[in-house]
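Protein chains in written order, with full-length UniProt numbering: chain A, 1 to 211; chain B, 1 to 211; chain C, 1 to 211; chain D, 1 to 211.
Cβ coordinates follow ideal geometry from the N, Cα and C atoms, glycine included.
Since the model is a prediction, treat every value here as computed from it, not as a measurement.
There are 4 protein chains.
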Amino acid sequence: MTAEAGTRLRADARRNRDQIMAAAKEVFAELGPDVPMEEIARRAGVGVGTLYRRFPDREALIRAVAQENFGAVLDDARAATAEEPTAWDALVRLMRRSRDLRLSVRLAVLSPSAWAAMRDDPQIRQLRDGIMAALDDLVRAAQAEGVLRDDVGPGDVAALVSLLLRRVPADSDATAELIAERALVVILDGLRADPGSPLPGRPVTIRDLGD
Amino acid sequence: MTAEAGTRLRADARRNRDQIMAAAKEVFAELGPDVPMEEIARRAGVGVGTLYRRFPDREALIRAVAQENFGAVLDDARAATAEEPTAWDALVRLMRRSRDLRLSVRLAVLSPSAWAAMRDDPQIRQLRDGIMAALDDLVRAAQAEGVLRDDVGPGDVAALVSLLLRRVPADSDATAELIAERALVVILDGLRADPGSPLPGRPVTIRDLGD
Amino acid sequence: MTAEAGTRLRADARRNRDQIMAAAKEVFAELGPDVPMEEIARRAGVGVGTLYRRFPDREALIRAVAQENFGAVLDDARAATAEEPTAWDALVRLMRRSRDLRLSVRLAVLSPSAWAAMRDDPQIRQLRDGIMAALDDLVRAAQAEGVLRDDVGPGDVAALVSLLLRRVPADSDATAELIAERALVVILDGLRADPGSPLPGRPVTIRDLGD
Amino acid sequence: MTAEAGTRLRADARRNRDQIMAAAKEVFAELGPDVPMEEIARRAGVGVGTLYRRFPDREALIRAVAQENFGAVLDDARAATAEEPTAWDALVRLMRRSRDLRLSVRLAVLSPSAWAAMRDDPQIRQLRDGIMAALDDLVRAAQAEGVLRDDVGPGDVAALVSLLLRRVPADSDATAELIAERALVVILDGLRADPGSPLPGRPVTIRDLGD
DNA sequence: CATGAATGAGCCTTCATTCAT
DNA sequence: TATGAATGAAGGCTCATTCAT
């Protein structure tokens, strides 16, 4: 468990909160981060008032969703590191399983204001830092294992992951899944290429990613 | 030359129109497709009324911008095919040079309504079809040349291109450029991998991309 | 009781709704159906938002007002039929008391769009049909009584009523009242004329009034 | 001839002006006095600029139309007085022939601002006064002839005329014509009624009509 | 002088947020 | 505490009027 509101809530309040979060994820993914708050409330089966009692404003809601997603990814990164036999395998699992992060990334891409909200949240920064650190370790280790090409840096990998998180155009969800998976494999082949084509510049670090 | 308003405009009207388009591209890229029309007008140095005289509503403006971008990409795709020595080279150039398409893709990704507007515009569909046809040819030819791996389809390549169009996180535009270029090279290595890892499913066709 | 929103409203919401309706009637009569919504809201002592919560757009408000008015007229037509000793008396009372309809007629006369809104509302059509049916009965009965001249049809009477609903030019409301009443009496004399001058064409039916 | 712009205009300017007036009458009658100026210009086959050169603003255009109409009515009133054998016949002709006035009346009814514009135009006041004077004479004379009932005043007649000018509801223009004509005959019978029912109050004078 | 482009004020409508019930 | 009503600021769009071509 990584990110959650600390204070105990009464059972029904808790349930409301969860319903709101679930509705928000759904709706943000579907309609973007500018959906009317009332729409979120409706899907959660509560009144707007209740929503606002739980989350003082739209930003707070977005932050909460992002926290949950980043937390899940971090948990997964750690689990992968611990459970997979090789760093390369863990890296692959991480890239494949970052599914949850998709929503947050989409939020960020979708609206500058959502992005700002996330960037300025210390909790999220911390989660992000944790993820990046884990990625950093995995990259080094995978290179030491001799599988991952030496000329890429953790920043390169992070960037590729972030690309993979984007929604791809497709005629159905199943096709989208297929396309994403195939793209991942191509990219993994590229990351394994040895000797690959010379990469321009220098390995990209986490710092280069900014924010 | 591929897409433009046919009717002659008075010199000043023409100039205004161009300024509006330029401002729109800028602003859409910067703030998303929901920016106040007034902001676009201001940057173009005209009144809202002028903007609305030229483009009856936001959708029309978005469509116009998308048309220009898709048109530029199609032109480039044809030029690449004609000018590059090999199909593979042309493909690489196309992937690298689709810069202009970025904006449109971003527009599309950014808002469902913008996407709908583009999808329903016959002119844009036609441009898209042209681009896809060119891509299709290049993929086949590059495979015939023995450089591009045989197990990818044009849809796979199109999907990878569309990923590359997304903005990558970076601490500066220069870094973003670097990251994007390095990611491209990694992906190209992946596309050249022979024998690469087995790709799941079947080659993705243009049709699979939907719309 | 003839036309009203069924759903229960909170006491304050109910009050607001009523105030809005009252303000709308006043303002429509005074300034026409194109008055700024804000003006209506102000007179009702509420914010525009409240107005729009209750009536999704101007048309809805116009329809609501029209429904109330037509409903009142229908109620009155039935009451007159039931309470007056003769059909002629009931007819006279109806012509005199259609006061409430005035506003709706004015709305309709004032703007094509308002008219369209009313014409397309099934509830209003039904009320109108009811009024017309009542009028039809009264005309026949009054002719059977031998008071109303035989060569007029219900459509003729309806048309005369509709003329009487218009605002007459006058230097004060009291004078307007006087003028309208005197005009009514003159018209009633004309309707009683026996033998009157030959009327051109044929008796006008309700159907001839169209819509 | 009674009302017209005095200054000589160049032939083409004259033609433009006439086209604009014709278009305005048409459009005002059809769409009301709030039609976009551009619509009027289009129907007149000129640019807005030309329209505004001829009529400084909407009000001026409305006034011009009203002047023409009132002028025509006054001409007709005088002609009727001169040509018809009896005052009663002249009165009937006037009531029937006021067709042209319809538009102006409709304008006035349609919008408070249009009404104000007309009321404040000295030329229009003068025309109106002329018409009223003629009506006054005819009423007196017709009463002297013993045809028109004695208890009505010229104001009563004017009011009845003004009612007849309104558009009646009908399913076609032909029916509207029929209905209007029949209503006129009924009213004329009412005006001839002798002894009619007692009219309330006192005869209405021209002064009572206000403005 | 005619034209139609440009301007900007004004009204419509939506929705984030607050607050009475 | 949950609800949903009320508010008002903000953005879309239209059109009267002005002005450059």
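For residue j and residue i, believed in contact at Cβ under 8 Å, the rounded distance
i: V73(D); j: S111(D); result: That belief does not hold up - the Cβ atoms of V73(D) and S111(D) are roughly 21 Å apart, past 8 Å.
i: A142(D); j: I62(D); result: Not a contact, Cβ separation roughly 33 Å.
i: A64(B); j: F55(B); result: 6 Å
i: A87(B); j: L138(B); result: 5 Å
i: R182(D); j: G201(C); result: 6 Å
i: D18(D); j: G190(C); result: Rounded, the Cβ-Cβ distance is 40 Å, inconsistent with contact.
i: M118(A); j: I206(A); result: At roughly 17 Å, the Cβ-Cβ gap does not stay under 8 Å, so M118(A) and I206(A) are not in contact.
i: D136(A); j: V204(A); result: That pair is no contact at about 12 Å.
i: V109(B); j: I187(A); result: With a Cβ gap of about 20 Å, V109(B) and I187(A) do not count as contacting.
For residue j and residue i, the rounded distance between their alpha carbons
i: I179(D); j: G146(C); result: 23 Å
i: D12(C); j: V46(C); result: 11 Å
i: L163(C); j: L101(C); result: 12 Å
i: P154(D); j: D208(C); result: 32 Å
i: P195(B); j: V152(A); result: 21 Å
i: I20(A); j: V48(D); result: 55 Å
i: G71(A); j: P198(B); result: 32 Å
i: L160(B); j: R167(B); result: 14 Å
i: A80(B); j: R96(A); result: 34 Å
i: K25(D); j: N16(D); result: 14 Å
i: F28(C); j: L165(C); result: 15 Å
i: R192(C); j: E84(D); result: 28 Å
i: residue 254(C); j: L51(B); result: The requested residue 254(C) is not part of the displayed model; chain C covers only 1 to 211.
i: A170(D); j: R43(A); result: 50 Å
i: A82(D); j: L107(D); result: 30 Å
i: R32(C); j: S104(B); result: Contrary to the premise, residue 32(C) reads as Gly rather than Arg in this sequence. Rounded to the nearest angstrom, the two C-alpha atoms are 46 Å apart.
i: E59(A); j: E68(A); result: 14 Å
i: G210(C); j: D173(D); result: 11 Å
i: Q123(D); j: A77(D); result: 17 Å
i: I40(D); j: R53(D); result: 14 Å
i: A144(B); j: V92(A); result: 31 Å
i: R125(D); j: E38(C); result: 35 Å
i: E30(D); j: A23(D); result: 10 Å
Closer than 7 Å to chain B by CB, residue i
i: T175(A); result: yes
i: S197(A); result: yes
i: R166(A); result: yes
i: A193(A); result: yes
i: I179(A); result: yes
i: D89(A); result: no
i: G190(A); result: yes
i: T2(A); result: For T2(A), the predicted model reports a pLDDT of 40, less than 50, meaning its position is unreliable; a value from the coordinates is still stated below. Not an interface residue.
i: G6(A); result: Note that G6(A) has pLDDT 48, beneath the 50 cutoff, so the model's placement of it is unreliable and the number below is only indicative. Not one chain B Cβ lies under 7 Å of G6(A).
9 Å Cβ cut-off: residues of chain C touching residue i
i: D12(D); result: Ordered by position in chain C, no residue passes the 9 Å Cβ test against D12(D), which lies about 34 Å from the chain.
Below-7 Å beta-carbon distance, residue i vs any chain D residue
i: E26(C); result: no
i: G210(C); result: yes
Under 8 Å from the C-beta of residue i: neighbouring residues of chain C
i: E38(D); result: Going along chain C, no residue has its Cβ under 8 Å from E38(D), so there is no contact; the nearest lies around 18 Å.
i: G146(D); result: What G146(D) touches in chain C: nothing, since even the nearest Cβ is about 17 Å away.
Chain C contact residues for residue i, given Cβ-Cβ distances below 7 Å
i: R182(D); result: D156, L199, P200, G201 and V204
i: S111(D); result: G32
Contacts of residue i in chain D (Cβ-Cβ under 8 Å)
i: A29(C); result: Chain D residues near A29(C): none, gap ~11 Å exceeds 8 Å.
Within chain A, the residues that residue i reaches when beta carbons sit closer than 8 Å
i: V152(B); result: R182 and V186
i: D171(B); result: R207, D208, L209, G210 and D211
Any non-hydrogen atom of the ligand ZN within 6 Å of residue i CB
i: L51(D); result: Only the bare structure without any ligand can be found here, which leaves the ligand ZN out of the picture.
Per-residue contacts from residue i into chain B (C-beta, under 8 Å)
i: L163(A); result: L163, L164, R166, V168 and A183
C-beta neighbour in chain C for residue i, strict 7 Å
i: L160(D); result: yes
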